[in-house]
Every structure is written in structure tokens, then in C-alpha cells.
Amino acid sequence: MRYKNERKELVAFGKQLLVEGLTTDTGGNLSIFIRKDNVMLITPSGIPYHETTEEDIVLMTLEGDVLEGNRKPSSEYDMHRIFYERTPTINSVVHTHSDYATVFACLHEDILPLHYIIGSVGTRIRCCPYETFGTKKLAEVAYDAMKNDKGILLGNHGVLTVGEDLASAFSVAKDIEFIAKLYYRAKSIGTPVLLENEQLEEVIEKFGTYGQDRIKGQKS
Numbered sequence: 001m002r003y004k005n006e007r008k009e010l011v012a013f014g015k016q017l018l019v020e021g022l023t024t025d026t027g028g029n030l031s032i033f034i035r036k037d038n039v040m041l042i043t044p045s046g047i048p049y050h051e052t053t054e055e056d057i058v059l060m061t062l063e064g065d066v067l068e069g070n071r072k073p074s075s076e077y078d079m080h081r082i083f084y085e086r087t088p089t090i091n092s093v094v095h096t097h098s099d100y101a102t103v104f105a106c107l108h109e110d111i112l113p114l115h116y117i118i119g120s121v122g123t124r125i126r127c128c129p130y131e132t133f134g135t136k137k138l139a140e141v142a143y144d145a146m147k148n149d150k151g152i153l154l155g156n157h158g159v160l161t162v163g164e165d166l167a168s169a170f171s172v173a174k175d176i177e178f179i180a181k182l183y184y185r186a187k188s189i190g191t192p193v194l195l196e197n198e199q200l201e202e203v204i205e206k207f208g209t210y211g212q213d214r215i216k217g218q219k220s
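This is the structure:
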């Protein structure tokens, strides 16, 4: 069984989706791209995260061929594959059904910049149109909506985030739910005061140098 460390990571973060309240039961999916070998590890379809084992993780090509594993891969593998094929800096994708963010996804409403943490995602959290789950059309619509951001809302569906690694993509998924919760609550009692473009640009620049590795001068 190849890529044991990456399999362990996917199993661990799958369980963490439940702990953080970002999904329930089998909702959503996670993947890691092994760029040097041009293969993808993805969570299986229909198995609860608390029951998923390293052997359940599916190793597959970007063309859709299963290389290792007796499980059926997530039906959303096209929505992961498209980012690995087209964006060389993306090596992980996380899809969740977190409550507050999905509320705005069902409204087809962008989440506007009321809190600086949105800078970890972009200048706003955009929502893409609805497309049927598990289809190439959804993958295309999601890719087009992401642009240079790290996360989006999937219309009438949930959340999609991307990152250089799984920890980064997972962190963005947490940030999106945090911001969605703030936005929901702020709008329920008044009108949120939004950050200006100049303020957002400053925040995004600071996020680019945030963290211990970057402080030490390592590449982001």
C-alpha cells in the first residue's frame, strides 16, 4: 500500500471534519495530489469518516482509473481532479457541508468582507451556480468560480476549498464556516460594516507572510 503518510492524513482530517462540525456522517470529501507521481488519493464514497481506514482511501489517476483500493472513490473526484490538472500550486481539495456556509450557498449569496479572516480565502466568499453533484459540469463551474481564491460556496450544496497541502485547505474550510456564522448573526441584528478594498489588500498581504515557516524565510 503506497503513500501511507498521506492516507493517515486523509483519515485523520476526515474525522476532524466531524469534530469541527464541518459535515455529518459521509458528507463531503477530501483529497491529496501526489504531484511527482501524477496520482490522487481521495476519500471513498459512502463510508462514514469515523469508520474510514487507510485501506479505504482510493489511489487513482487523474483520468479516473483506480490504482489501489477496493472502495469506490468519492463521486466528486472530477471536482478535485480539475484543480490538480489546471493549477500547479494546488495539492489538496476539501469539500464540506458546514451549516452556516451552506445556508448562504442555498441563498446563492456571496459572503462579504465583514471580518479580516476572510483574507485567508479572498476578498469575498463567492457562490457558484448550482450543478448536480458528481458531474463534470459542477467541476467546471467550481473551477471557474474559484479564480485566485482559496474557497467558494457551491450553490445549493456546500463549500469547496483548495490549498498547497491538506492542512491549508482544511484551515480555509474552517475559516469559511467561521465567517459565515459571523455574517449570518451580524445580518440578523443589523448591517455588517464591511472592510474597504485597501484594508483587504493589506490583510491578504499579511496572510502571505503569516506563520512560523514564512517568518523563517521559507517559501510559502
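Using full-length UniProt numbering, you'd call the opening residue of the sequence shown number 1 and step up by one each time.
No residue lacks a Cβ here, since even glycine has one placed at the ideal position from N, Cα and C.
Simplified DSSP state of residue i, which is helix, strand or coil
i	result
Glu68	strand
Lys45	Per the sequence shown, the amino acid found at residue 45 is Ser instead of Lys. Residue state, collapsed to three classes: coil.
Asn38	coil
Leu112	coil
Leu22	coil
Same chain, Cβ closer than 7 Å to residue i, neighbours up to 5 away in sequence not counted
i	result
Leu154	Ala105, Cys128, Ala142 and Leu160
Leu182	Leu114 and His115
Beta-carbon spacing of residue i, residue j below 8 Å
i	j	result
Gly163	His95	no
Asp78	Ala139	yes
Leu67	Tyr84	no
Arg7	Glu54	yes
Ile176	Gly158	no
Residues of its chain near residue i, where Cβ-Cβ distance is below 6 Å and the 5 sequence neighbours each way are ignored
i	result
Thr23	Leu17, Thr96 and His97
Gly217	In this prediction, Gly217 has a pLDDT of 33, which is less than 50 and means its spatial position is unreliable; what the coordinates show is noted afterwards. Closer than 6 Å at Cβ, skipping near neighbours: no residue.
Whole-number beta carbon distance between residue j and residue i, since they are thought to touch under 8 Å
i	j	result
Pro44	Asp56	5 Å
Leu200	Thr123	5 Å
Pro113	Leu194	5 Å
Thr60	Ile42	In the sequence under discussion, the amino acid at residue 60 is Met, which differs from the Thr named in the question. With 8 Å as the limit, Met60 and Ile42 qualify as a contact, their Cβ atoms being about 7 Å apart.
Val172	Val121	6 Å
Gly134	Glu202	Gly134 to Glu202, Cβ: 40 Å. No contact.
Phe178	Ile117	6 Å
Lys145	Arg126	Here residue 145 is Ala; the residue named in the question, Lys, does not match the sequence. At roughly 6 Å, the Cβ-Cβ gap stays under 8 Å, so Ala145 and Arg126 are in contact.
Contact set for residue i: own chain, Cβ-Cβ below 8 Å, skip 5 residues either direction
i	result
Met40	Ser31, Ile32, Phe33, Ile34, Leu59, Met60, Thr61, Leu62, Tyr77, His80, Arg81 and Tyr84
Lys4	Glu54
Legend entry - Segments assigned alpha helix (DSSP H), at least 4 residues, entirely inside the segment 50-102: 77-86
Legend entry - Ranges of the beta strand (DSSP E) found wholly within the segment 130-210, counting only runs of at least 3: 151-154 and 158-163
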